[in-house]
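Chemist: In this note's numbering, the protein residues as written are 81 to 495.
Built from N, CA and C at the ideal position, the CB exists for glycine as well.
Since this is a predicted model, take the numbers as computed values, not measurements.
Once you've had a glance at the structure underneath, I'll fire off some questions.
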């Protein structure tokens, strides 16, 4: 930025962000109309925007200093966006339902994390080889498995509502398991990133992770009491979402800086801390306005901008296909299989497995953390995007069929 007039950089930022917002929102709405997640449309917008000269080298070496500075600013916006998304997800958590969800949902969620993690890691060994435990390649394969642990239940909820199953045992089991799945997934992500960074031994990483959650519990309790006190005296105060956002950013900073935990984990925990106060839904709505109006489109389009399809090879295509197949089957095997063990019949177990199969924004967020940590390359986003689109299109069709009960024809005996 040295020697360049700031005005030129600011103007380029304004143009770049404006183009991203327009393209992301337009293609996002278009995607929703054809039955796939809005985030998929935003990602496609990013892929198409790479053809514009100033986005062509996004995420790489950009010789034009003005373009490079503008793109760097956009990447910072993406980082803030992902923190806001995870904070909002935490705020939207029903902590009481989570606590009451019981053993079944917890066990299903645990298997929904462990089985995809193991299957994804083993699948990656076939493509990248196995050169021993603790190597960089081992952590790369393990991180690919970690991406598969994520679950996005929004599409499943829509199908459950359509069939009036949202309050059924199956519906509540799926929703509770999906929420717990996210918590377990964040813990796995935290441990894998910590161990792969090489900053201390395995035991030290686990101890720091445990210490973080203990500190978060203690500080979170104090923050919860403070917000509850303030909320009762100033209900629906426009200041409370601002204070909440400040808490989220501080939690994100402390998690990364002092504990070596992913910043998104800190933001997510901050959301869970505040999710049970009476104005939680009010805070969530205010945070969502900022997140989904400005920062989210930039983040999801940034995924597409970072994905360089020019490097697509036959090997990468085979990997993407295997990634999708393992991603879909692992949730059905993990969640559906354990459901049968827990007493559900085969049909109900299949419904639970299908309900947990959809992947969405959390998978992208996890993949982004892997990219920033140097564990995966941008080209592997193609596989993640393909999994999101495939699972999002398959699950509504398969779940509707699974919930459709064929009635036996009435037999009349002629007199």
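To the nearest angstrom, report how far apart residue 200 and residue 318 are at their CA atoms.
Modeler: Reading the chain shown from its first residue, position 120 is the one you call residue 200. Reading the chain shown from its first residue, position 238 is the one you call residue 318. Going from the Cα of residue 200 to the Cα of residue 318 covers about 45 Å.
Chemist: Taking 8 Å as the threshold, find out whether the stretch 396-413 comes into contact with the stretch 181-200 through three or more Cβ pairs.
Modeler: Cβ pair count under 8 Å is three or more, so yes.
Chemist: Going by other Cβ atoms of all chains shown within 10 Å of its Cβ, with 16 needed for buried, is residue 227 buried or exposed?
Modeler: By 1-based counting over the chain shown, the position of residue 227 is 147. Burial call: buried.
Chemist: Taking all protein chains shown into account, do 16 or more other C-beta atoms lie within 10 angstroms of the C-beta of residue 86, making it buried, or fewer, making it exposed?
Modeler: Locating residue 86 in the chain shown gives position 6, where the first residue counts as 1. Per the 10 Å Cβ criterion, exposed.
Chemist: Output needed for residue 345: all residues of its chain with C-beta closer than 6 Å, excluding positions within five of it in sequence on either side, in chain order.
Modeler: In the chain shown, counting from the first residue as 1, residue 345 sits at position 265. 266, 270 and 335, listed in sequence order.
Chemist: With a floor of 4 residues, list each alpha helix (DSSP H) that falls wholly inside the stretch 152-182, ordered by position along the chain.
Modeler: Qualifying alpha helix (DSSP H) stretches, in chain order: 175-180.
Chemist: What three-state label does DSSP hand residue 427 in the structure shown?
Modeler: For the purposes of this step, residue 427 is identified with residue 347 of the chain shown, where counting begins at 1. Helix, per DSSP.
Chemist: Between the stretch 350-360 and the stretch 104-118, do at least 3 Cβ pairs fall closer than 8 Å?
Modeler: No contact exists between the stretch 350-360 and the stretch 104-118.
Chemist: Is the stretch 338-355 close to the stretch 292-310, with three or more CB pairs under 8 Å?
Modeler: Output reads yes: the stretch 292-310 touches the stretch 338-355.
Chemist: If you measure between the beta carbons of residue 415 and residue 436, is that distance less than 8 Å?
Modeler: Translated into the one-based positions of the chain shown, residue 415 becomes position 335. Translated into the one-based positions of the chain shown, residue 436 becomes position 356. Yes, they are a contact pair.
Chemist: Going by the beta-carbon positions, is the gap between residue 331 and residue 352 smaller than 8 Å?
Modeler: Here residue 331 refers to the residue found at position 251 of the chain shown. Here residue 352 refers to the residue found at position 272 of the chain shown. No, the pair does not count as a contact, with Cβ atoms beyond the cut-off.
Chemist: Hey, is residue 429's beta-carbon within less than 8 Å of any beta-carbon in chain B?
Modeler: In the structure shown, chain B does not exist; there is a single protein chain.
Chemist: For residue 151, does the count of other Cβ atoms within 10 angstroms reach 16, so buried, or fall short, so exposed?
Modeler: In the chain shown, counting from the first residue as 1, residue 151 sits at position 71. Buried, since its Cβ has 16 or more Cβ neighbours within 10 Å.
Chemist: At what residues does the alpha helix (DSSP H) containing residue 438 begin and finish?
Modeler: By one-based count along the chain shown, residue 438 stands at place 358. No alpha helix (DSSP H) holds residue 438; DSSP gives it neither H nor E.
Chemist: With respect to the alpha helix (DSSP H) encompassing residue 134, which residues constitute its N-terminal and C-terminal limits?
Modeler: Against the chain shown, residue 134 aligns to sequence position 54. Run containing residue 134: none; DSSP gives neither H nor E here.
Chemist: Rounded to whole angstroms, what is the Cα-Cα separation between residue 191 and residue 399?
Modeler: Within the chain shown, the letter at position 111 stands for residue 191. Within the chain shown, the letter at position 319 stands for residue 399. Approximately 24 Å, taken between the alpha carbons.
Chemist: Under the three-state reduction of DSSP, which class applies to residue 488: helix, strand or coil?
Modeler: The sequence position of residue 488 within the chain shown is 408, counting from 1. Caution applies to residue 488, whose pLDDT of 43 falls short of 50 and renders its modelled position unreliable; the model cannot decide the point.
Chemist: Consult DSSP for residue 355 and reduce its assignment to one of helix, strand or coil.
Modeler: To locate residue 355, count along the chain shown from 1; it is residue 275. Correct three-state label for residue 355: coil.
Chemist: Could you check how far apart the C-beta atoms of residue 455 and residue 219 are, in whole angstroms? I think they sit under 8 Å.
Modeler: Here the question's residue 455 lines up with position 375 in the chain shown. Here the question's residue 219 lines up with position 139 in the chain shown. At roughly 6 Å, the Cβ-Cβ gap stays under 8 Å, so residue 455 and residue 219 are in contact.
Chemist: How many angstroms separate the CA atom of residue 89 from the CA atom of residue 290?
Modeler: For the purposes of this step, residue 89 is taken as the residue at position 9 of the chain shown. For the purposes of this step, residue 290 is taken as the residue at position 210 of the chain shown. Roughly 43 Å between the two C-alpha positions.
Chemist: Taking the C-alpha atoms as reference points, what is the distance between residue 421 and residue 183?
Modeler: Here residue 421 refers to the residue found at position 341 when the chain shown is read from its first residue. Here residue 183 refers to the residue found at position 103 when the chain shown is read from its first residue. Each residue's Cα considered, the two are about 13 Å apart.
Chemist: Please state if the CB of residue 117 and the CB of residue 111 are separated by a distance shorter than 8 Å.
Modeler: Counting from 1 along the chain shown, the entry for residue 111 is found at position 31. Counting from 1 along the chain shown, the entry for residue 117 is found at position 37. Going by C-beta atoms, residue 111 is nearer than 8 Å to residue 117.
Chemist: Taking the alpha-carbon positions, what's the residue 223 to residue 390 distance?
Modeler: Your numbering for residue 223 matches position 143 in the chain shown. Your numbering for residue 390 matches position 310 in the chain shown. Roughly 24 Å separates the two Cα atoms.
Chemist: Which residues mark the beginning and the end of the alpha helix (DSSP H) in which residue 392 is found?
Modeler: Taking the chain shown and counting its residues from 1, the one referred to as residue 392 is at position 312. Run containing residue 392: none; DSSP gives neither H nor E here.
Chemist: With a threshold of 7 Å on Cβ separation, who are the neighbours of residue 96 within its own chain once the five nearest residues in sequence on each side are excluded?
Modeler: By one-based count along the chain shown, residue 96 stands at place 16. Excluding residues within five positions, the ones whose Cβ falls inside 7 Å are 134, 150 and 154.
Chemist: Rounded to whole angstroms, what's the CA-CA distance from residue 92 to residue 261? Just pull it up for me.
Modeler: Here residue 92 corresponds to residue number 12 of the chain shown, with the count starting at 1. Here residue 261 corresponds to residue number 181 of the chain shown, with the count starting at 1. If you take the alpha carbons of residue 92 and residue 261, they lie about 41 Å apart.
Chemist: Determine the burial state of residue 313: buried for a count of at least 16 other Cβ atoms within 10 Å of its Cβ, exposed for fewer.
Modeler: Position 233 of the chain shown, counted from the start, is the residue given in the question as residue 313. That one is exposed.
Chemist: With respect to the alpha helix (DSSP H) encompassing residue 105, which residues constitute its N-terminal and C-terminal limits?
Modeler: Here residue 105 refers to the residue found at position 25 when the chain shown is read from its first residue. 86-113 is the span of the alpha helix (DSSP H), which, as asked, contains residue 105.
Chemist: With burial defined as no fewer than 16 other Cβ atoms inside 10 Å of the residue's Cβ, what is the status of residue 315: buried or exposed?
Modeler: Reading the chain shown from its first residue, position 235 is the one you call residue 315. By the 10 Å Cβ count, residue 315 comes out exposed.
Chemist: Cβ of residue 482 within 8 Å of Cβ of residue 464?
Modeler: Here residue 482 is taken as the residue at index 402 of the chain shown, counted from 1. Here residue 464 is taken as the residue at index 384 of the chain shown, counted from 1. For residue 482 and residue 464, no; Cβs fall outside 8 Å.
Chemist: For residue 273 and residue 249, what's the separation of their Cα atoms in angstroms?
Modeler: Taking the chain shown and counting its residues from 1, the one referred to as residue 273 is at position 193. Taking the chain shown and counting its residues from 1, the one referred to as residue 249 is at position 169. Rounded to the nearest angstrom, the two C-alpha atoms are 36 Å apart.
Chemist: Reducing DSSP to helix, strand and coil, say where residue 483 ends up.
Modeler: Here residue 483 is taken as the residue at index 403 of the chain shown, counted from 1. It is helical.
Chemist: Near residue 211, which residues of its chain fall below 6 Å by C-beta distance, leaving aside the five closest residues on each side in sequence?
Modeler: If you number the chain shown from 1, residue 211 lands on position 131. 217.
Chemist: Taking the runs of the alpha helix (DSSP H) that are 4 residues or longer, which of them lie wholly in the stretch 178-211?
Modeler: Those alpha helix (DSSP H) runs which fall completely within the stretch 178-211 and span 4+ residues are 182-208.
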